[in-house]
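Participant:
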Amino acid sequence: MQFEFYKYQACGNDFVLVDLRSPSANWASQATDSRFWQNETAMRLCCDRRFGIGADGILVLMPAQTSATANPDFDSTAAFHLHYLNADGKEGSLCGNGSRCAAAHAFRKGYFEGNSGTFTASDGVHQVVQMEDGSIGLGMQAPKDRRVLELGTFINTGSPHLVVPVRDLVNYPVEREGRALREHSLFLPGGTNVNFMEVIDLNHLKIRTYERGVEAETLSCGTGAVACAILHVQQNSAEFMDTFAVINLQFRGGQMTVSAHVDSTGSMQQIQLIGPAYCAFKGLWMGYSGKTYLW
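Residue numbers (this note's numbering): 102 to 396.
1) Out of CYS112, VAL300, SER177 and LYS383, point me to the one whose CA is closest to ASP237's CA.
2) Can you name, in chain order, every residue of its own chain whose Cβ lies under 7 Å from the Cβ of ALA129, other than the five neighbours on each side?
3) Helix, strand or coil for ASP134 per DSSP?
4) MET387 by DSSP, collapsed to three states: which one?
5) Check whether the segment 304-320 and the segment 220-229 touch, using three or more Cβ-Cβ pairs below 8 Å as the test.
6) According to DSSP, simplified to helix, strand and coil, what is ILE331?
7) Quick check on the DSSP output: what are the complete beta strand (DSSP E) runs of length 3 or more inside the segment 278-321, in order along the chain?
8) Give me the Cα-Cα distance between TYR185 and PRO274, rounded to the nearest whole angstrom.
9) According to DSSP, which residues form a beta bridge with SER360?
10) Give the single residue among ARG150, GLY153 and GLN103 whose Cα lies nearest to the Cα of ARG136.
11) Report yes if the CB atom of SER123 is closer than 8 Å to the CB atom of LYS245, and no otherwise.
12) Assuming LEU195 and ALA222 are in contact, meaning their beta carbons sit under 8 Å apart, how far apart are those beta carbons, in whole angstroms?
13) Check whether the Cβ atoms of LEU374 and GLY323 sit closer than 8 Å, and answer yes or no.
14) Going along the chain, which residues of its own chain have a beta-carbon closer than 6 Å to the beta-carbon of PHE288, five neighbours each way excluded?
15) Output needed for GLY190: all residues of its chain with C-beta closer than 7 Å, excluding positions within five of it in sequence on either side, in chain order.
16) Have a look at VAL267 and PHE152 and give me their C-alpha separation to the nearest angstrom.
17) For CYS380, write down the residues that DSSP places opposite it in a beta bridge.
18) Locate the alpha helix (DSSP H) running through ASN114, then write down its first and last residues.
19) May I ask you to report which of helix, strand or coil DSSP gives GLU233?
20) Using CA atoms only, rank isn't needed, just tell me which of LEU162, GLY367 and VAL117 is closest to ARG150.
21) Reducing DSSP to helix, strand and coil, say where GLN228 ends up.
Structure representation (structure tokens):
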């Protein structure tokens with residue numbers, strides 16, 4: 102099993118991208134027949150930083166008709182459908198940074214007309230725009246679920262997130278606390294991503310995220326950034342009400358921005374996640390070697 106890939110990263114959140122939308126891709130043999138991305142072991146090893154390429158997840162770009170056939174509510178005229186796999190090889194939910202990387206690739210390849218377009222993902226249709234500085238803005242769906250818990254606030258932004266406000270984020274034990282909360286019984290069976298958020302001021306947040314599927318802290322998380330921004334705006338609704346809010350979010354891997362129109366009730370509309378996304382290199386995956394860790 103071999104396939105051509107691109108390596109992308111967005112604020113240190115890195116991905117293997119496989120383009121089956123490209124006219125040069127052999128869609129019939131590579132996707133319909135072999136469905137290589139369904140080989141969980143091979144995809145996990147592909148993401149391994151010693152036995153494979155190394156990544157936080159895998160992005161598979163497919164023709165938009167793929168999603169429209171499976172779900173009539175999806176737009177078959179979109180530029181592509183994005184299928185996302187976590188680093189453990191399992192199918193994932195929406196990945197914000199991965200979506201921005203996929204969009205950056207689509208802009209490079211000319212899949213969009215002009216500086217904007219649409220694509221479909223697991224949660225539906227998304228609008229994207231390429232800014233003048235090359236950064237990618239991703240339109241987000243409205244939160245599907247929000248619950249205030251003793252552990253923190255749970256918000257589903259296309260992926261499940263628990264947001265926990267903390268102090269002294271730099272020295273906070275993210276790996277230990279994140280792992281415990283990710284596996285908490287409240288979030289079974291799928292678990293949740295866990296974001297630890299420190300407020301710098303009204304328009305600046307500092308965040309560290311423990312991601313399910315990666316089972317470790319990642320250098321940034323797009324859907325986590327949106328979850329933190331939503332909670333912050335709602336906790337400070339008096340200041341943001343009837344404004345165009347711009348929240349700057351600092352991760353260990355870089356900075357992103359979440360913008361939205363906040364209405365008279367404090368609800369956020371037209372949420373957009375904005376940040377850089379770059380292609381690091383292109384290569385050929387030579388196939389699953391069968392090697393793994395002995396202990």
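Ideal placement from N, C-alpha and C gives every residue a C-beta, glycine not left out. Small disclaimer: the values here were computed from a predicted structure and weren't measured.
Facilitator: Answer, in terms of the structure:
1) Against the sequence shown, residue 237 aligns to sequence position 136. At residue 237 the sequence reads Ile, which differs from the Asp that was named. Ranking CYS112, VAL300, SER177 and LYS383 by Cα distance to ILE237 puts CYS112 first.
2) Position 28 of the sequence shown, counted from the start, is the residue given in the question as residue 129. A caution first: ALA129 carries a pLDDT of 41, below 50, which makes its placement in the model unreliable, though a value can still be read off. Cβ within range, chain order: n/a, list empty.
3) Taking the sequence shown and counting its residues from 1, one reaches residue 134 at position 33. At ASP134, the pLDDT of 42 sits below 50, so the modelled position is not reliable; the number obtained from the coordinates is stated separately. ASP134 falls in the helix class under three-state DSSP.
4) For the purposes of this step, residue 387 is taken as residue 286 along the sequence shown, with counting starting at 1. Coil at MET387, not helix or strand.
5) no
6) Position 230 of the sequence shown holds residue 331. If DSSP states are grouped into helix, strand and coil, ILE331 belongs with the helices.
7) 294-302, 305-312 and 317-319
8) By one-based count along the sequence shown, residue 185 stands at place 84. By one-based count along the sequence shown, residue 274 stands at place 173. Approximately 28 Å between the Cα atoms of the pair.
9) Here residue 360 is taken as the residue at index 259 of the sequence shown, counted from 1. Partner(s): VAL347 and GLN373.
10) Against the sequence shown, residue 136 aligns to sequence position 35. Checked all of ARG150, GLY153 and GLN103; the closest Cα to ARG136 is GLN103.
11) The residue you call residue 123 lines up with position 22 of the sequence shown. The residue you call residue 245 lines up with position 144 of the sequence shown. Against a cut-off of 8 Å, the Cβ pair of LYS245 and SER123 comes out as no contact.
12) For the purposes of this step, residue 195 is taken as the residue at position 94 of the sequence shown. For the purposes of this step, residue 222 is taken as the residue at position 121 of the sequence shown. Sure, about 5 Å apart at Cβ, within 8 Å.
13) Within the sequence shown, the letter at position 273 stands for residue 374. Within the sequence shown, the letter at position 222 stands for residue 323. Yes, the Cβ-Cβ distance between LEU374 and GLY323 is below 8 Å.
14) For this step, residue 288 is matched to residue 187 along the sequence shown. Cβ neighbours of PHE288 beyond the five flanking positions: none.
15) Residue numbering aside, residue 190 sits at position 89 when the sequence shown is read from its first letter. Around GLY190: GLU141, THR142, MET144 and ARG145.
16) If you number the sequence shown from 1, residue 267 lands on position 166. If you number the sequence shown from 1, residue 152 lands on position 51. Near 36 Å, if we compare the C-alpha coordinates of PHE152 and VAL267.
17) As a position in the sequence shown, residue 380 is number 279, starting the count at 1. Beta-bridge pairing links CYS380 to TYR109.
18) Numbered from its first residue, the sequence shown carries residue 114 at position 13. Where ASN114 is concerned, there is no enclosing alpha helix (DSSP H), although the beta strand (DSSP E) it sits in stretches over 114-120.
19) Against the sequence shown, residue 233 aligns to sequence position 132. Here GLU233 sits in coil by DSSP.
20) On the sequence shown, position 49 is the one that residue 150 refers to. Comparing Cα-Cα distances from ARG150 to each of LEU162, GLY367 and VAL117, the minimum goes to VAL117.
21) As a working mapping, residue 228 is identified with position 127 in the sequence shown. Strand, per DSSP.
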